[in-house]
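Encoded as structure tokens, the structure appears first; notes follow it.
There are 4 protein chains.
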Amino acid sequence: MEDIVVVFKEKPVLREPILVEGLPGVGNVGKLAAEHLVDQLKAVKFAEMFSKFFPPQVLVNDAGTIRLVSNEIYYVQRPDANNDIVIMIGDYQGLTPDGQYELSDKTLKIAKDLGVRRIFTLGGYGLGKMIEKPRVLGAATDIELVEEMKNFGVTFSKGEPGSGIVGASGLLLGLGNLYGMRSVCLMGETSGYFVDPKGAQAVLEVLAKILGVKIDFTELETKAQQIDQITSKLREAEPPVEPKREDLGYIG
Amino acid sequence: MEDIVVVFKEKPVLREPILVEGLPGVGNVGKLAAEHLVDQLKAVKFAEMFSKFFPPQVLVNDAGTIRLVSNEIYYVQRPDANNDIVIMIGDYQGLTPDGQYELSDKTLKIAKDLGVRRIFTLGGYGLGKMIEKPRVLGAATDIELVEEMKNFGVTFSKGEPGSGIVGASGLLLGLGNLYGMRSVCLMGETSGYFVDPKGAQAVLEVLAKILGVKIDFTELETKAQQIDQITSKLREAEPPVEPKREDLGYIG
Amino acid sequence: MEDIVVVFKEKPVLREPILVEGLPGVGNVGKLAAEHLVDQLKAVKFAEMFSKFFPPQVLVNDAGTIRLVSNEIYYVQRPDANNDIVIMIGDYQGLTPDGQYELSDKTLKIAKDLGVRRIFTLGGYGLGKMIEKPRVLGAATDIELVEEMKNFGVTFSKGEPGSGIVGASGLLLGLGNLYGMRSVCLMGETSGYFVDPKGAQAVLEVLAKILGVKIDFTELETKAQQIDQITSKLREAEPPVEPKREDLGYIG
Amino acid sequence: MEDIVVVFKEKPVLREPILVEGLPGVGNVGKLAAEHLVDQLKAVKFAEMFSKFFPPQVLVNDAGTIRLVSNEIYYVQRPDANNDIVIMIGDYQGLTPDGQYELSDKTLKIAKDLGVRRIFTLGGYGLGKMIEKPRVLGAATDIELVEEMKNFGVTFSKGEPGSGIVGASGLLLGLGNLYGMRSVCLMGETSGYFVDPKGAQAVLEVLAKILGVKIDFTELETKAQQIDQITSKLREAEPPVEPKREDLGYIG
Chain H
358 MEDIVVVFKE
368 KPVLREPILV
378 EGLPGVGNVG
388 KLAAEHLVDQ
398 LKAVKFAEMF
408 SKFFPPQVLV
418 NDAGTIRLVS
428 NEIYYVQRPD
438 ANNDIVIMIG
448 DYQGLTPDGQ
458 YELSDKTLKI
468 AKDLGVRRIF
478 TLGGYGLGKM
488 IEKPRVLGAA
498 TDIELVEEMK
508 NFGVTFSKGE
518 PGSGIVGASG
528 LLLGLGNLYG
538 MRSVCLMGET
548 SGYFVDPKGA
558 QAVLEVLAKI
568 LGVKIDFTEL
578 ETKAQQIDQI
588 TSKLREAEPP
598 VEPKREDLGY
608 IG
Chain V
358 MEDIVVVFKE
368 KPVLREPILV
378 EGLPGVGNVG
388 KLAAEHLVDQ
398 LKAVKFAEMF
408 SKFFPPQVLV
418 NDAGTIRLVS
428 NEIYYVQRPD
438 ANNDIVIMIG
448 DYQGLTPDGQ
458 YELSDKTLKI
468 AKDLGVRRIF
478 TLGGYGLGKM
488 IEKPRVLGAA
498 TDIELVEEMK
508 NFGVTFSKGE
518 PGSGIVGASG
528 LLLGLGNLYG
538 MRSVCLMGET
548 SGYFVDPKGA
558 QAVLEVLAKI
568 LGVKIDFTEL
578 ETKAQQIDQI
588 TSKLREAEPP
598 VEPKREDLGY
608 IG
Chain Z
358 MEDIVVVFKE
368 KPVLREPILV
378 EGLPGVGNVG
388 KLAAEHLVDQ
398 LKAVKFAEMF
408 SKFFPPQVLV
418 NDAGTIRLVS
428 NEIYYVQRPD
438 ANNDIVIMIG
448 DYQGLTPDGQ
458 YELSDKTLKI
468 AKDLGVRRIF
478 TLGGYGLGKM
488 IEKPRVLGAA
498 TDIELVEEMK
508 NFGVTFSKGE
518 PGSGIVGASG
528 LLLGLGNLYG
538 MRSVCLMGET
548 SGYFVDPKGA
558 QAVLEVLAKI
568 LGVKIDFTEL
578 ETKAQQIDQI
588 TSKLREAEPP
598 VEPKREDLGY
608 IG
Chain R
358 MEDIVVVFKE
368 KPVLREPILV
378 EGLPGVGNVG
388 KLAAEHLVDQ
398 LKAVKFAEMF
408 SKFFPPQVLV
418 NDAGTIRLVS
428 NEIYYVQRPD
438 ANNDIVIMIG
448 DYQGLTPDGQ
458 YELSDKTLKI
468 AKDLGVRRIF
478 TLGGYGLGKM
488 IEKPRVLGAA
498 TDIELVEEMK
508 NFGVTFSKGE
518 PGSGIVGASG
528 LLLGLGNLYG
538 MRSVCLMGET
548 SGYFVDPKGA
558 QAVLEVLAKI
568 LGVKIDFTEL
578 ETKAQQIDQI
588 TSKLREAEPP
598 VEPKREDLGY
608 IG
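Protein chains in written order, with my numbering: chain H, 358 to 609; chain V, 358 to 609; chain Z, 358 to 609; chain R, 358 to 609.
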């Protein structure tokens, strides 16, 4: 079989589309944010990517039907804006390093065919501790984009992230360079301990300003409250400990 | 060498054949069931699949002769029924995720050439505890098949299996979709602790009704009794413990 | 680069050559035996196999020069016998399962070009305990060869080796079948705890009879004595323990 | 995508160029040495290698811009010398054995196109203990080069390195042989516990003599002092222990 099988339901014609990517990762921040964007913009699915770089697995829906694990691509047409939007979400990233390269390269080939010249990748920046007001850190392919992003409240902090950006959110920038695409990675701060809708909301608030779209965050806020309830119960269930001073500011 | 080498002993002409797959997996439920089906229907082996995705290993027969590890494909011609049957059994599944994809895709290509349009994959659903009367859980490629299967006593239970279906029993459904094949996975409940002929019998009882074949289960029942004897000895050998209440209903 | 690079120093013309293989494995029995055969028969190296399935490593000779890890193929012309001999030895087996398949298949292609129709693969059969008089166990591609080998003192024992034969010594038989080659694996019993020249000698004594060659075993016997000295020192260095009864017959 | 993507900024015409390689490895000795050589000779970057054999990662510069992990190739034109110089440095070596082979083979193809016929690979030789005056060990493709190197103070010591040379520094010699290239590996002794500028300097002092270039070592010496300060603080922080006699000569 082909390493990556792309099944197109339709081949949309888009105006200078911007690609937004959010796949599973630290705190699932990118995935949550991109999925919420799909919902809010009523984006239309037009392509599915299956690949032997994904786990050999089908998921079972509540009705008892199955679907093969995949990445999915959606589009949003915006007659009143300069740019249409393409959004990639999915169940998994590639299982192996070379699989990750192949999947990102395939994504870029599809994006190029659609006319994409700018990409926003969404992810989480794991702090290893609870965080109340997550910042949105950025990295970009060129210094002009860095400056542009600062105007939208994106933080560029020397030495953060020190270990670089791993996975699709990094590769789409790095490989995208070879396709002449200008790109930004937006990283929401997160503890990294569990799925983090708060980090996703922080990222999406910035992205909404950049794209000029309106987003209702009610659903993400509800999810964040549910997570907060679970984690506070977990903390109660633990034997009482004297909180370390360094954590005092972060636990709500 | 080719990634997968298929050696045909014969190329049978079959009438609307149904593919049944049972390879090693949880409790070896699927493998036991499919092998028993081969025996009972006196199915004829017509193809062997060798592959570098299998372990680099030959097995030694009692006579001192060897055979390379493989998957094998059998057929059953049924002049009095609407569908002939094709059965795949084997020593191993692919060792790597991409190997699993390649092997399932190759199986589907062979199945398509034979005219297969419907697939039943057999497997085990591991409960992690002893089970007296295993149910048969199902998953299918479309909602009509789900309904059809319910009539044969297959259970479709929301959230089961929660982690999806991994391996050939899942991929043949998921990839088969791309070949336009309609498929069902039948999963016999099993503890998953050892080879489980009881789970295999449960699956095969359902499948026999679906296919309209008669199966003598004496051999599987004998195997199940042998396993019961071994496990009850193991339990006797353990220091006596107060059974946990939640397990009471399941240990015979 | 090509997955496997074969560099021929010469392309010998051989009469119905028999291939003998001995690569690293349990107790290095096969490797020791095949290397000793190369020495004793003054075999001539004519080909080297390099491959990305081997470790990315060069070995440093005493003089400070390097050589890339490889498998090597030698030939022996025997004007007075019916069959010339081809011997394969080497530093490593393939690192991955698919690498093992590719390397064995390449070896078979080379063998076929040379006119090989019979193969002897040499290996160790690990017992996990000390053994004084190692038997030579066998496995073969057909029942006639099994019977033929029994006449040379090869043991065929139901259920041994229970786990089959892994690696080149197994694959050359299994894949060789697809090339129409008839083959035998000879396995010398060994503890498997260390390099075992005694197991190698047992294998080679049988093989010498089969091939009709004379072998001087002095060197292997010397090596075996050195190993015996080392292991007896190790036993002395251990705190004295009451020997278990089941081991009494095996420790010299 | 291609397994390895080479982006040329320019295709320099060079006179009998010598290739020098220094990639990450034991004590990062080779990488430090080659990077220092690039700085000192004001070498010009002319090619970048990206590959799916590297981690799927971008690095973030202090300004917030990213770059995809890569290997880089530089050149130095020397009108007054017989040989121009080509230098390869980089972020990573290949993640897998076959990736290492592919990357080294690609490097050799590029080198051959440039007219390279001699290679020096730089690395560390890990001792597992502190070392004050690191020797430079050597290995070469032929005995004439071994003798030539001895004149420059390179040590060739029987049994060192006993385990051979793993990675690009070994493969460029071993595979280079197949391209008819004569090569030397220079290994600076190092504890292997941390990044070791002292080992790098030792290697570079030898290489400078061989190449006939002048190197200012101030920067490496400063780095070495910083490392010394850190490690001596670490030693102070440890509970005081009686130094083992065997280590006495090595801790400064």
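For each residue, glycine too, the CB sits at the ideal point set by N, CA and C.
Within-8 Å CB hit, residue i to chain Z
{"i": "V:F365", "result": "no"}
{"i": "R:Y482", "result": "no"}
{"i": "R:I476", "result": "no"}
Min CB distance residue i to chain V below 8 Å
{"i": "Z:Y432", "result": "no"}
{"i": "Z:K409", "result": "no"}
{"i": "Z:E603", "result": "In this predicted model, Z:E603 has a pLDDT of only 41, less than 50, meaning its place in the structure is not dependable; the value taken from the coordinates is given anyway. Output row for Z:E603: interface = no."}
{"i": "Z:L299", "result": "Here chain Z comprises residues numbered 358 to 609, so residue 299 of chain Z is not present and cannot be evaluated."}
{"i": "H:K590", "result": "no"}
Cβ-based neighbour list, residue i, same chain, cut-off 6 Å, excluding 5 preceding and 5 following
{"i": "H:R602", "result": "For H:R602, the pLDDT reaches just 41, beneath the cut-off of 50, and the residue's location in the model is therefore unreliable, leaving the point undetermined."}
{"i": "V:V415", "result": "I423 and L425"}
{"i": "R:L398", "result": "V433"}
{"i": "V:E599", "result": "Any reading at V:E599 must be qualified, since the residue scores a pLDDT of 47, below 50, and its modelled position is unreliable; the value itself is stated next. Nothing listed; no residue qualifies."}
{"i": "Z:K590", "result": "none"}
Contacts around residue i, its chain only, beta-carbon distance under 7 Å, and the 5 residues preceding and following it disregarded
{"i": "H:T575", "result": "none"}
{"i": "V:A438", "result": "G569"}
{"i": "H:P412", "result": "V426, Y449 and L452"}
C-beta neighbour in chain R for residue i, strict 8 Å
{"i": "Z:R424", "result": "yes"}
{"i": "H:I361", "result": "no"}
Assigned secondary structure, residue i (DSSP; H/G/I helix, E/B strand, else coil)
{"i": "V:I444", "result": "strand"}
{"i": "V:T512", "result": "strand"}
{"i": "Z:L484", "result": "coil"}
{"i": "V:E546", "result": "strand"}
{"i": "R:T614", "result": "A question about residue 614 of chain R goes unanswered here, because the residues of chain R that appear run from 358 up to 609."}
{"i": "H:M506", "result": "helix"}
{"i": "H:S589", "result": "helix"}
{"i": "R:K388", "result": "helix"}
{"i": "Z:E378", "result": "strand"}
{"i": "R:V570", "result": "coil"}
Through-space distance from residue j to residue i, alpha-carbon basis
{"i": "V:T422", "j": "Z:P381", "result": "23 Å"}
{"i": "V:L605", "j": "V:S548", "result": "Because the pLDDT at V:L605 is just 34, under 50, the model does not fix this residue reliably, and the point stays unresolved."}
{"i": "R:M358", "j": "H:G481", "result": "27 Å"}
{"i": "V:A581", "j": "V:K555", "result": "6 Å"}
{"i": "H:I430", "j": "Z:D419", "result": "60 Å"}
{"i": "H:E562", "j": "H:G531", "result": "25 Å"}
{"i": "H:V552", "j": "H:I587", "result": "11 Å"}
{"i": "Z:L460", "j": "R:V511", "result": "37 Å"}
{"i": "Z:E373", "j": "Z:L465", "result": "15 Å"}
{"i": "H:L394", "j": "H:I572", "result": "8 Å"}
Buried versus exposed call for residue i [16 or more other C-beta atoms within 10 Å across all chains shown]
{"i": "R:I488", "result": "buried"}
{"i": "Z:D462", "result": "buried"}
{"i": "H:K366", "result": "exposed"}
{"i": "V:R475", "result": "buried"}
{"i": "V:D455", "result": "buried"}
{"i": "R:S526", "result": "buried"}
{"i": "R:R492", "result": "buried"}
{"i": "Z:T498", "result": "buried"}
Chain-order list of residues whose beta-carbon lies under 8 Å from that of residue i (same chain, five-residue window excluded)
{"i": "H:S650", "result": "Coverage of chain H is limited to positions 358 through 609, which leaves residue 650 of chain H absent and any answer about it impossible."}
{"i": "R:E504", "result": "none"}
Chain H contact for residue i (CB, 8 Å cutoff)
{"i": "V:E378", "result": "no"}
{"i": "V:L528", "result": "yes"}
Contact test: residue i Cβ vs the ligand NAP heavy atom, cutoff 7 Å
{"i": "Z:I567", "result": "In the structure shown, the ligand NAP is absent, as is every other ligand, since no ligand is present at all."}
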